[in-house]
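In this note's numbering, the protein residues as written are 1167 to 1312.
Glycine included, each C-beta is placed from N, C-alpha and C at the ideal position.
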């Protein structure tokens, strides 16, 4: 057997051992999902933000009014169509990033403003911003996963 074949076989075996050990770590991690629980201090801060916005921005406020409020405070947000149903839209505010499991690149916590249109879905523009706020929730999202 040539040196090149030995190096190739050794590299493949090493890679299999690393993958196997990573899988075992993930299977037997404390959370068993591979996602570490959010530290209590962080979770409390996220809950505090949820309570703050829930007191100020109440259903059935329109999306335009919510966007105007966030703009006036200089808060960056993202508009999104939701998958709950065809008539739902959402505004997302990124609250923070947590430690992600080894198989994902990011674990992001969002504050999500859920809206429902009183009529068929309108464009995500100021003109179509009459959808009504239904609820505000926290959402934890993994992204960039294998």
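- Exposed is the label assigned to residue 1244, since fewer than 16 other Cβ atoms lie within 10 Å of its Cβ.
- Membership of residue 1254 in any alpha helix (DSSP H) is not indicated; the residue belongs instead to the beta strand (DSSP E) covering 1254 to 1264.
- Straight across, the Cα-Cα distance linking residue 1234 with residue 1272 is about 29 Å.
- Residue 1304 places its beta carbon 8 Å or farther from that of residue 1270.
- Partner residues in a beta bridge of residue 1243, as assigned by DSSP, do not exist.
- In this structure, the CA atom of residue 1302 is about 13 Å from the CA atom of residue 1228.
- Per DSSP, the unbroken alpha helix (DSSP H) holding residue 1235 starts and ends at 1229 to 1238.
- Rounded to the nearest angstrom, the gap between the Cα atoms of residue 1207 and residue 1257 is 25 Å.
- A distance of 8 Å or more separates the beta carbons of residue 1182 and residue 1212.
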